[in-house]
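For the sequence shown, this note's numbering assigns the number 940 to the initial residue and increments by one for each residue that follows. Glycine is no exception: its CB is placed at the ideal position from the N, C-alpha and C atoms.
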Amino acid sequence: MNTVEHLKKGARDLAWFVKGIMGEDAYDKYKAHHESRHPSGGGEAPPVMTEREFWRDQTDRQDTNPQGRCC
(Lines of atoms letter the chains of each structure in order from A and count residues from 1; the text may use other names and numbers.)
(Lines give C-alpha, C1' and ligand atoms only; values in the text may rest on other atoms or scores of the structure.)
Protein backbone atom coordinates (compact mmCIF):
# COMPACT_ATOMS: atom_id res chain seq x y z
CA MET A 1 0.00 0.00 0.00
CA ASN A 2 1.50 3.33 -0.97
CA THR A 3 1.30 6.64 0.86
CA VAL A 4 -1.72 7.94 -1.09
CA GLU A 5 -3.69 4.77 -0.36
CA HIS A 6 -2.79 5.04 3.33
CA LEU A 7 -4.03 8.65 3.38
CA LYS A 8 -7.29 7.72 1.63
CA LYS A 9 -7.91 4.86 4.07
CA GLY A 10 -7.12 7.13 7.00
CA ALA A 11 -9.57 9.74 5.71
CA ARG A 12 -12.30 7.10 5.25
CA ASP A 13 -11.69 5.73 8.74
CA LEU A 14 -11.80 9.22 10.23
CA ALA A 15 -15.06 10.01 8.39
CA TRP A 16 -16.59 6.75 9.66
CA PHE A 17 -15.53 7.60 13.23
CA VAL A 18 -16.90 11.17 13.11
CA LYS A 19 -20.22 9.99 11.65
CA GLY A 20 -20.52 7.52 14.52
CA ILE A 21 -19.78 10.17 17.13
CA MET A 22 -22.24 12.62 15.59
CA GLY A 23 -24.99 10.01 15.19
CA GLU A 24 -25.10 10.41 11.43
CA ASP A 25 -25.06 6.63 11.00
CA ALA A 26 -28.24 6.16 13.08
CA TYR A 27 -30.47 5.61 10.04
CA ASP A 28 -28.14 2.94 8.65
CA LYS A 29 -28.16 1.22 12.05
CA TYR A 30 -31.97 1.45 12.14
CA LYS A 31 -32.27 -0.17 8.70
CA ALA A 32 -29.86 -2.97 9.62
CA HIS A 33 -31.75 -3.60 12.87
CA HIS A 34 -35.12 -3.57 11.08
CA GLU A 35 -33.91 -6.03 8.46
CA SER A 36 -32.49 -8.38 11.11
CA ARG A 37 -35.68 -8.31 13.18
CA HIS A 38 -38.11 -8.46 10.24
CA PRO A 39 -36.57 -10.50 7.42
CA SER A 40 -38.45 -10.14 4.15
CA GLY A 41 -40.92 -12.83 3.26
CA GLY A 42 -41.92 -13.84 6.78
CA GLY A 43 -45.21 -12.54 8.14
CA GLU A 44 -46.29 -8.95 8.27
CA ALA A 45 -43.39 -6.67 9.03
CA PRO A 46 -43.86 -2.96 9.60
CA PRO A 47 -42.55 -0.96 6.65
CA VAL A 48 -39.11 0.55 6.89
CA MET A 49 -39.33 4.28 7.55
CA THR A 50 -37.83 6.56 4.96
CA GLU A 51 -34.78 8.49 6.09
CA ARG A 52 -36.89 11.62 6.44
CA GLU A 53 -39.49 9.80 8.56
CA PHE A 54 -36.73 8.28 10.69
CA TRP A 55 -35.12 11.63 11.52
CA ARG A 56 -38.52 13.22 12.21
CA ASP A 57 -39.34 10.36 14.61
CA GLN A 58 -35.89 10.62 16.21
CA THR A 59 -36.30 14.35 16.76
CA ASP A 60 -39.82 13.93 18.16
CA ARG A 61 -38.62 11.25 20.60
CA GLN A 62 -35.74 13.43 21.77
CA ASP A 63 -38.08 16.37 22.31
CA THR A 64 -40.55 14.20 24.24
CA ASN A 65 -37.90 12.50 26.36
CA PRO A 66 -34.92 14.85 26.70
CA GLN A 67 -31.73 13.16 27.84
CA GLY A 68 -28.17 14.33 28.26
CA ARG A 69 -27.09 16.05 25.07
CA CYS A 70 -25.06 19.09 24.27
CA CYS A 71 -27.79 21.26 22.75
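At least 3 beta-carbon pairs within less than 8 angstroms: the region 941-950 vs the region 961-976: no
Three-state class that DSSP yields for H977 in the structure shown: Here H977 sits in coil by DSSP.
Own chain residues within Cβ distance below 7 angstroms of G959, not counting five before or after: If we look at G959 and ignore the five residues flanking it on each side, it has no Cβ neighbours.
DSSP state of M961 mapped onto helix, strand, coil: If DSSP states are grouped into helix, strand and coil, M961 belongs with the helices.
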